[in-house]
Amino acid sequence: MADLKKLSEKTPENELKKHIGLKASRTIGNTLIYILLIIMTVIWLTPFVCIVLQSFRCESTYIVGYVIPQQWGLDNYKALFQTDFPIWYRNTLITALCVSVLQTVIVLCMSYTLSRFRFKLRKPLMKFMLVLGLFPGMLTMIILYRVLKDLGLTQANAVPGLILVYIASSGMGYYISKGFFDTLPKSLDEAARIDGATRAQVLTKIILPLAKPIVIYTILTAFMGPFGDFVFARYISMNTSKGMNVAVGLWSWLTPDQVQYKYTMFCAGGVLVAIPVTILFLCLQKYYVEGVTGGAVKG
Amino acid sequence: MASVKLTNVKKVYDNKVVAVHDFNLDIADKEFIVFVGPSGCGKSTTLRMIAGLEDISGGTVEIDGVVVNDLQPRDRDIAMVFQNYALYPHMTVYDNIAFSLRLRKMPEDEIYKRVTNAAEILGITDYLLRKPRALSGGQRQRVAIGRAMVRNAKVFLMDEPLSNLDAKLRNQMRAEIILLRKRLDTTFIYVTHDQTEAMTLGDRIVIMKDGYIMQVGTPTEVFERPANLFVAEFIGAPKMNTFKAELVKENGKYFVKAFGAKLPADGENGSLLAEKGVGSREVILGARPEHITLADGPAENAIETNLIVNEMMGSEVHLHVRTKDGTDLIVRVPTIQLSKEQRANLYSGATLYITFEDKVMYFFDPESQKNILFG
Numbered sequence: 001m002a003d004l005k006k007l008s009e010k011t012p013e014n015e016l017k018k019h020i021g022l023k024a025s026r027t028i029g030n031t032l033i034y035i036l037l038i039i040m041t042v043i044w045l046t047p048f049v050c051i052v053l054q055s056f057r058c059e060s061t062y063i064v065g066y067v068i069p070q071q072w073g074l075d076n077y078k079a080l081f082q083t084d085f086p087i088w089y090r091n092t093l094i095t096a097l098c099v100s101v102l103q104t105v106i107v108l109c110m111s112y113t114l115s116r117f118r119f120k121l122r123k124p125l126m127k128f129m130l131v132l133g134l135f136p137g138m139l140t141m142i143i144l145y146r147v148l149k150d151l152g153l154t155q156a157n158a159v160p161g162l163i164l165v166y167i168a169s170s171g172m173g174y175y176i177s178k179g180f181f182d183t184l185p186k187s188l189d190e191a192a193r194i195d196g197a198t199r200a201q202v203l204t205k206i207i208l209p210l211a212k213p214i215v216i217y218t219i220l221t222a223f224m225g226p227f228g229d230f231v232f233a234r235y236i237s238m239n240t241s242k243g244m245n246v247a248v249g250l251w252s253w254l255t256p257d258q259v260q261y262k263y264t265m266f267c268a269g270g271v272l273v274a275i276p277v278t279i280l281f282l283c284l285q286k287y288y289v290e291g292v293t294g295g296a297v298k299g
Numbered sequence: 001m002a003s004v005k006l007t008n009v010k011k012v013y014d015n016k017v018v019a020v021h022d023f024n025l026d027i028a029d030k031e032f033i034v035f036v037g038p039s040g041c042g043k044s045t046t047l048r049m050i051a052g053l054e055d056i057s058g059g060t061v062e063i064d065g066v067v068v069n070d071l072q073p074r075d076r077d078i079a080m081v082f083q084n085y086a087l088y089p090h091m092t093v094y095d096n097i098a099f100s101l102r103l104r105k106m107p108e109d110e111i112y113k114r115v116t117n118a119a120e121i122l123g124i125t126d127y128l129l130r131k132p133r134a135l136s137g138g139q140r141q142r143v144a145i146g147r148a149m150v151r152n153a154k155v156f157l158m159d160e161p162l163s164n165l166d167a168k169l170r171n172q173m174r175a176e177i178i179l180l181r182k183r184l185d186t187t188f189i190y191v192t193h194d195q196t197e198a199m200t201l202g203d204r205i206v207i208m209k210d211g212y213i214m215q216v217g218t219p220t221e222v223f224e225r226p227a228n229l230f231v232a233e234f235i236g237a238p239k240m241n242t243f244k245a246e247l248v249k250e251n252g253k254y255f256v257k258a259f260g261a262k263l264p265a266d267g268e269n270g271s272l273l274a275e276k277g278v279g280s281r282e283v284i285l286g287a288r289p290e291h292i293t294l295a296d297g298p299a300e301n302a303i304e305t306n307l308i309v310n311e312m313m314g315s316e317v318h319l320h321v322r323t324k325d326g327t328d329l330i331v332r333v334p335t336i337q338l339s340k341e342q343r344a345n346l347y348s349g350a351t352l353y354i355t356f357e358d359k360v361m362y363f364f365d366p367e368s369q370k371n372i373l374f375g
């Protein structure tokens, strides 16, 4: 007890001791956290590094027991262009770009409408979409396929078919942007409308500039969905190479009879797919983070 | 510049709550009208119906003789200033003010002329290139007024524009709005819950309660001749003292019996009462704090009270007194009228005798709460 009392006295030595103790414990804590983070990073990055390294390997096209290539080169990348890969890549890009534009427009209009307009079925509609959104999209696959087949939008024509499928239900993804719009004061809309703006002008000139993070978030998510999709793309393209997207096309190289010739090309293709997405995220990550967290609390 | 006419205007919300009942009002060209009332009285709703931001459930709104019920706000040629300023945060002050002109596709040099002119009048020229968040509350409100000014709109609507400002700034802006009004010379409709603003700004005041108009009149009218008890208590600060009293007619002369005192009412009001043929009856008597005077001592016409609180306001003293039967009254005495001795006697618990004259008495019917003389 006496020791404790002595320690709790505010003498300069005690203060210094306490300070050193605090500093030491903080340093130890930080070091532990960093070690943990480094371990996680290594686990996270290893597959990516392996794929990048394999893509530069020239000596063998098959899976080997080592990571670092013995012969480096761009052979795999060059070989990619002798295959249908450019077509897949083009398909994917067209799909993703169209979807990101159309879906963004639909989602933002939907969110604005639900945030600002008051109409009779607004609440039931929102609840209906919430419930509908709980069902996995895969459930619709069979009927969607029938419909698209009747429309002639499968196999070689899979791209427009896919675009249609992706944007069809995009209105249901209104939650985050509606949440953000709700935080913007309504009087801004009113002031703009009195100033002479139409509803559309209010949206484009006032609301969207203020909701930039959410717009970018919406574009990014709309782009990412089709860019990495496999299930629908595979189903709708149905083994027709011309209608495949990158994911489906590359996957077709992993069949037992193909994989020994094309494994390294598969890796090179993977790297090429990752590049635009990586660039996009690096440029827009600031907005992305703001967008995801912004809807909840930003006033 | 335009007249505004509201005929039987009604607002019913979806949940069947009636916010505004049959609202009838003719607003003349270039008139400054103030809607005033406690919160929830429907004054803002009425303004928003004129602006077109709120659907009109019944009746018609005319601007310059044209029924605007189904017109969009942008087609009504009105300008509006909001309580929370509603400046566009992503635009500079210049762009904020120019926004409406740009939407009308006005040439840029004309826009420049108008914006700089408005900025000069409002003293915000130095801030034109700033964003709203870099401005103080008063400056923001000026920008909001500027935004409404450049439009040269037919009607100028203001929805509690000073409520977000601190007291000192509010007084200053109030004076500026009076000047602005002279300069713009257009029709103003101004909403406030502050009776001082209403009294100082309005040509006519519309006092509202629970969606009904209580009285429409000039500031002098509503102050001197309140139509009912609500208006009487709402206009004037501190609010009017009201209490139950007995009006007695004896040998053709009127007296008021209250708190054991007998106050003669045989002056101006007495003759008015006689004209109306009012007999002896129960009334609610109103007396404004500034009209009550301190009597020298016990007398037939003096009410005996105890001083509860003495609020020294500087130029005047507010005395909160309690009568023998426990009614609280407020008396407002100019400091200059009090002698040193009198001031020393204003301690809690001191016995004070108060009285007031016939001409400052207000008589209300206890049932209908209407003013017996002017209701």
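Quick mapping for you: the protein sequence lines, in order, are chains X and Y.
Using this note's numbering, read the first sequence as starting at 1 and increasing by one per residue.
Using this note's numbering, read the second sequence as starting at 1 and increasing by one per residue.
C-beta: ideal position from N, C-alpha, C; glycine also.
(request) Starting from Y/R181, trace the alpha helix (DSSP H) both ways and give me its first and last residue. (result) A167 to L184
(request) Reducing DSSP to helix, strand and coil, say where X/G179 ends up. (result) helix
(message) So that I know if they touch, is there some Cβ in chain Y lying closer than 7 Å to that of X/E59?
(response) no
(request) Establish whether the CB of Y/N84 and some CB of chain X are separated by less than 7 Å. (result) yes
(message) Using only the alpha-carbon positions, how far apart do X/G299 and X/P213 sit?
(response) Reliability of the predicted coordinates at X/G299 is poor, the pLDDT of 33 falling under 50, and no value is obtained from them.
(request) Return the first residue and the last residue of the alpha helix (DSSP H) that X/L203 is part of. (result) Where X/L203 is concerned, there is no enclosing alpha helix (DSSP H), given that its DSSP letter is neither H nor E.
(request) Within the same chain, show all residues whose beta-carbon is closer than 7 Å to that of X/F85, passing over the 5 residues directly before and after it, in chain order. (result) G249 and G269
(request) Quick one: measure Cβ to Cβ for Y/I235 and Y/L201, integer angstroms, because I've assumed they're closer than 8 Å. (result) 14 Å between Cβ atoms; not a contact.
(message) With a threshold of 7 Å on Cβ separation, who are the neighbours of X/G294 within its own chain once the five nearest residues in sequence on each side are excluded?
(response) In this predicted model, X/G294 has a pLDDT of only 49, less than 50, meaning its place in the structure is not dependable; the value taken from the coordinates is given anyway. Counting only Cβ-Cβ distances below 7 Å, and skipping sequence neighbours, we find F180, P213 and I214.
(request) Using a Cβ-Cβ cut-off of 7 Å, state whether X/I194 counts as contacting chain Y. (result) yes
(request) For Y/M208, write down the residues that DSSP places opposite it in a beta bridge. (result) Y/I213
(message) DSSP has Y/T125 in a bridge; who is on the other side?
(response) Answer by DSSP bridge pairing: none, since Y/T125 is not bridged.
(request) For Y/A153, I'd like the list of residues in its chain whose CB is within less than 7 Å of its CB, leaving aside the five on either flank, ordered along the chain. (result) D77, I78 and A79
(request) On the DSSP bridge assignment, give the partners of Y/K11 in chain order. (result) Y/V20
(message) At a CB distance below 8 Å, what residues from the stretch 170-203 of chain X approach chain Y? Give them in sequence order.
(response) P185, S187, L188, E190, A191, A192, R193, I194, D195, G196, A197, T198 and Q201
(message) Within the continuous alpha helix (DSSP H) that includes Y/A232, where are the two ends?
(response) L229 to F234
(message) On the DSSP letters alone, give me the boundaries of the beta strand (DSSP E) that Y/V150 sits inside.
(response) Neither: Y/V150 is in no beta strand (DSSP E) and is coded neither H nor E.
(request) For X/F261, count neighbouring Cβ atoms within 10 angstroms of its own Cβ and tell me buried if that reaches 16, exposed if not. (result) A small correction: the amino acid at residue 261 of chain X is Tyr; Phe does not occupy that position in the sequence shown. So X/Y261 counts as exposed.
(request) Check each residue of the stretch 205-231 of chain X: if its Cβ is closer than 9 Å to any Cβ of chain Y, include it; give the result in chain order. (result) K205, I206, P209, L210 and K212
(request) Show which residues of chain X have a CB atom less than 8 Å away from the CB atom of Y/R74. (result) R193, I194, D195, G196, A197 and T198
(request) Please check if any C-beta of chain X sits within less than 7 Å of the C-beta of Y/L229. (result) no
(message) Going by DSSP in three states, X/I216 sits in which element: helix, strand or coil?
(response) helix
(message) Below 9 Å on C-beta distance, what does Y/I121 contact in chain X?
(response) Those within 9 Å of Y/I121 in chain X number zero; the least Cβ separation is about 19 Å.
(message) Between Y/Y88 and chain X, is any beta-carbon pair separated by less than 7 Å?
(response) yes
(message) As a quick exercise: from Y/A227, Y/M361 and Y/I303, pick the residue whose alpha carbon is nearest that of Y/S368.
(response) Y/A227
(message) For Y/V20 and Y/I205, I'd like the C-alpha separation in whole angstroms.
(response) 17 Å
(request) Sort Y/H320, Y/K11 and Y/D185 by Cα distance to Y/E290 and report the nearest one. (result) Y/H320
(request) Tell me, please, whether the CB atom of Y/M199 is closer than 7 Å to any CB atom in chain X? (result) no
(message) Does the CB of Y/R281 have a neighbour CB from chain X at under 7 Å?
(response) no
(request) Enumerate in chain order the residues of its own chain whose CB-to-CB distance from Y/S39 is below 7 Å, with the five nearest sequence positions on each side excluded. (result) H193
(request) Compute the Euclidean distance between the alpha carbons of X/S60 and X/I51, then round it to the nearest angstrom. (result) 14 Å
(request) Work out the CA separation of Y/L373 and Y/I145 for me, nearest whole Å. (result) 42 Å
(message) On the CB-based measure, 16 or more other CB atoms within 10 Å of its CB, does X/M40 come out buried or exposed?
(response) exposed
(request) Determine the closest residue to X/V277 out of X/F223, X/F135, X/F266 and X/N245, with distance taken between C-alpha atoms. (result) X/F223
(request) Please name the residue, chosen from X/P69, X/G133, X/S55 and X/G173, that lies closest to X/I106 on a Cα-to-Cα basis. (result) X/G173
(message) To the nearest angstrom, how far is the alpha carbon of Y/K10 from that of Y/V67?
(response) 15 Å
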